[in-house]
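Novice: In case it helps, the numbering used here puts the sequence shown at residues 16 to 226.
Each residue gets a CB set at the ideal place from its N, CA and C atoms; glycine is no exception.
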Amino acid sequence: MNQWLDGLLGQLHSMSGWEAVAVVLAIAYLWLAMRQSQWCWPAAFVSTLIYAVIFWEVALLSESLLSVYYMAMAIYGYWQWRQGPRGDNGLPIHSWRWPRHLWLVSLTGLASLLLGWLMASYTQADFPYLDAATTCFAVVTTVLVARKVLENWIYWFIIDAVSIYLYVAKGLWLTAALFLLYLAMVVVGYWRWRQAHQLARSHEQAPFAVA
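What follows is the structure, given as structure tokens:
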């Protein structure tokens with residue numbers, strides 16, 4: 016516990032202005048996403064641009080590449096959330112049945128093993144398999160967010176928990192603390208989206224789909 020606090024205080028003291036901006040925008044992204052606001056995506060774009068550089072400098076190469084992908088998905092997500100019926104929330108929330116999730120997890124797990132092997136064999140990446148797993152599942156889960164699939168929050172909870180371990184191991188105490196906050200916000204986000212999803216089901220005029 017003392018190591019955690021010492022590391023966090025030390026990084027707060029040495030944190031650059033750009034990293035502080037990235038942290039604030041990362042929190043803003045998740046808060047806006049919880050509220051189904053399309054403005055979460057511009058916040059995500061700028062935040063991940065900064066983090067792409069930070070992760071590259073500490074040799075979390077998969078995380079750095081993931082940040083570049085997030086930038087592209089921020090553009091796609093903004094466009095996607097503007098689709099659907101007119102209204103403040105745009106695209107409606109969807110829910111997937113468990114067989115589809117099982118298929119998705121299986122394929123993503125295989126991709127994680129392949130990427131982890133490539134990183135371990137041909138790069139200097141630290142924690143190549145864990146890093147690859149968080150990368151691959153985050154790639155898939157970002158698509159679920161862009162399409163407003165309810166269960167994306169469950170995926171994020173697991174991804175964020177594993178990411179905390181990686182960041183602590185690399186001494187990124189501030190980012191680890193940010194992801195602890197994310198865990199709490201993810202729970203709230205799932206609850207808010209689930210409520211909105213159930214409300215949509217209760218009204219015939221509100222679109223609902225199970226894919």
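(1) By DSSP, does Ser82 sit in helix, in strand, or in coil?
(2) Rounded to the nearest angstrom, what separates Trp111 and Ile179 at their Cα positions?
(3) I need the DSSP call for Ser62, collapsed to helix, strand or coil.
(4) With a Cβ-Cβ cutoff of 9 Å, do Val36 and Ser62 count as a contact?
(5) Quick check: what's the CA-CA separation for Arg207 versus Ala191?
(6) Select from Leu187, Trp168 and Ile173 the residue whose C-alpha is nearest the C-alpha of Gly204.
(7) Under 8 Å: does the beta carbon of Leu119 sit that close to some heavy atom of the ligand ZN?
(8) Could you name the residues that DSSP lists as bridge partners for Val164?
(9) Got a sec? Which residues, its chain only, sit under 7 Å from Gln139 by beta carbon, not counting five neighbours each side?
(10) Return the CA-CA distance between Leu125 and Tyr170, expressed in angstroms with no decimal places.
(11) Looking at Met86: is its Cβ nearer than 9 Å to the Cβ of Ala58?
(12) Quick check: the Cα distance between Arg91 and Val155, rounded to an integer number of angstroms?
(13) Classify Trp96: buried if its beta carbon has 16 or more other beta carbons within 10 angstroms, exposed otherwise.
(14) Mind the definition here: the stretch 112-120 touches the stretch 43-51 only if three or more C-beta pairs lie below 8 Å; say whether that holds.
(15) Less than 7 Å between C-beta atoms, sequence neighbours within five positions excluded: which residues of the same chain meet that for Phe70?
(16) Under the three-state reduction of DSSP, which class applies to Thr149: helix, strand or coil?
Specialist: From the atom records:
(1) For the purposes of this step, residue 82 is taken as the residue at position 67 of the sequence shown. Correct three-state label for Ser82: helix.
(2) On the sequence shown, position 96 is the one that residue 111 refers to. On the sequence shown, position 164 is the one that residue 179 refers to. Roughly 27 Å between the two C-alpha positions.
(3) For the purposes of this step, residue 62 is taken as residue 47 along the sequence shown, with counting starting at 1. Of the three classes helix, strand and coil, the one that applies to Ser62 here is helix, per DSSP.
(4) Sequence index remark: in the sequence shown, residue 36 carries index 21 (1-based). Sequence index remark: in the sequence shown, residue 62 carries index 47 (1-based). Closer than 9 Å, so yes.
(5) One-based indexing of the sequence shown puts residue 207 at position 192. One-based indexing of the sequence shown puts residue 191 at position 176. Going from the Cα of Arg207 to the Cα of Ala191 covers about 24 Å.
(6) Sequence index remark: in the sequence shown, residue 204 carries index 189 (1-based). When only C-alpha atoms are compared, the closest one is Trp168.
(7) Absent from the structure shown: the ligand ZN. Ligands present: none.
(8) Counted from its first residue, the sequence shown places residue 164 at position 149. Beta-bridge pairing links Val164 to His109.
(9) The residue you call residue 139 lines up with position 124 of the sequence shown. Counting only Cβ-Cβ distances below 7 Å, and skipping sequence neighbours, we find Ala74.
(10) Here residue 125 refers to the residue found at position 110 when the sequence shown is read from its first residue. Here residue 170 refers to the residue found at position 155 when the sequence shown is read from its first residue. Going from the Cα of Leu125 to the Cα of Tyr170 covers about 16 Å.
(11) The sequence position of residue 86 within the sequence shown is 71, counting from 1. The sequence position of residue 58 within the sequence shown is 43, counting from 1. Taking 9 Å as the Cβ cut-off, Met86 and Ala58 do not qualify as a contacting pair.
(12) As a first step, residue 91 is located in the sequence shown; it is residue number 76 there, counting from the start. As a first step, residue 155 is located in the sequence shown; it is residue number 140 there, counting from the start. Sequence inspection shows Tyr at residue 91; the Arg mentioned does not correspond to that position. Answer to the nearest angstrom: the Cα atoms are 14 Å apart.
(13) Taking the sequence shown and counting its residues from 1, one reaches residue 96 at position 81. Within 10 angstroms of the beta-carbon of Trp96 lie 16 or more other beta-carbons, which makes it buried.
(14) No: fewer than three Cβ pairs fall under 8 Å.
(15) One-based indexing of the sequence shown puts residue 70 at position 55. Contacts found: Glu78, Ser79 and Ser82.
(16) Here residue 149 is taken as the residue at index 134 of the sequence shown, counted from 1. It is helical.
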